Amino acid sequence: MLDSLITSKTRLRLLVKFFINAANRGHMRGLAEEFNESTNAIRKELNNLSEAGYLEKEADQNRVSYRANVKHPLFGSLQDIVHKYLGLDRIVETVLSRMGDVEQVVLTGDYAQGRDSGTIEVTIVGQTLNADYLEQLAPKVEGVIARKVRFTLSQVKTAGGLVLYER
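Note that the sequence shown covers residues 6 to 172 in the working numbering.
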């Protein structure tokens with residue numbers, strides 16, 4: 006859906022990188038390597054997003070670092086759009102509806118770091134969770150969001166990753 010609205014794949018990947026988690030940072034050469042793109046393509050899109058105010062630049066020695074501008078009036082909306090694009094809203098909604106006593110849902114792995122690898126890793130924390138339902142859930146969610154989903158169950162709250170739900 007979002008890829009038909011934003012036709013530049015590089016721009017879309019940058020939006021996912023920076024707006025999935027506001028703590029994510031990147032610099033031009035590192036992003037070029039991560040996305041397997043030319044530095045020129047990355048520079049062009051970083052400049053466009055910076056000039057529009059969506060990204061902040063920060064000089065760090067002889068390297069310029071970029072991150073999402075959390076003060077931008079559309080930051081929350083863009084983050085919601087990216088979460089919906091990846092299907093995170095559906096995952097949380099589905100998990101909470103029938104998993105039992107869920108204490109926390111945390112996005113871990115590549116997507117928590119803003120890398121669109123194709124596999125979404127989610128840790129579900131709770132004392133009495135329905136593991137059988139989770140086995141049935143993964144293929145259904147994958148069909149809806151068109152990405153592979155890997156669920157992990159835990160009884161201890163997770164400190165790392167991006168918290169999608171917490172009670």
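Glycine residues also receive a C-beta, built at the ideal position from the N, C-alpha and C atoms.
Because the structure is a prediction, the values reported are computed rather than measured.
- Relative to the Cα of residue 138, the nearest Cα in the group 99, 117 and 46 belongs to 99.
- The beta carbon of residue 46 is closer than 6 Å to those of 15 in its chain, skipping five residues each way along the sequence.
- Assignment of beta-bridge partners to residue 109 by DSSP yields 130 and 171.
- The C-alpha of residue 73 lies about 31 Å from the C-alpha of residue 158.
- The closest CA to that of residue 134, considering only 83, 156 and 151, is found on 156.
- For residue 22, the secondary structure class from DSSP, reduced to helix, strand or coil, is helix.
- Annotation for residue 115: no beta strand (DSSP E) segment contains it, and DSSP assigns it neither H nor E.
- In the three-state reduction of the DSSP assignment, residue 138 falls in the helix class, which pools H, G and I.
- Taking C-alpha positions only, residue 76 is separated from residue 119 by approximately 19 Å.
- Rounded to the nearest whole angstrom, the C-alpha separation of residue 27 and residue 67 is 23 Å.
- In the DSSP annotation of this structure, the continuous segment of the beta strand (DSSP E) that includes residue 32 starts and ends at 30 to 32.
- For the stretch 47 to 90, not one full-length alpha helix (DSSP H) segment reaches 4 residues or more.
- Following the DSSP letters along the chain, one finds residue 154 inside the beta strand (DSSP E) bounded by residues 153 to 159.
- Distance from the CA atom of residue 106 to the CA atom of residue 136, rounded to whole angstroms, is 12 Å.
- In this structure, DSSP gives residue 11 a state outside helix and strand, which the three-state scheme calls coil.
- The bridge partners DSSP lists for residue 163 come to none.
- Inter-segment contact for the stretch 50 to 68 and the stretch 89 to 97 is absent: fewer than three beta-carbon pairs are separated by less than 8 Å.
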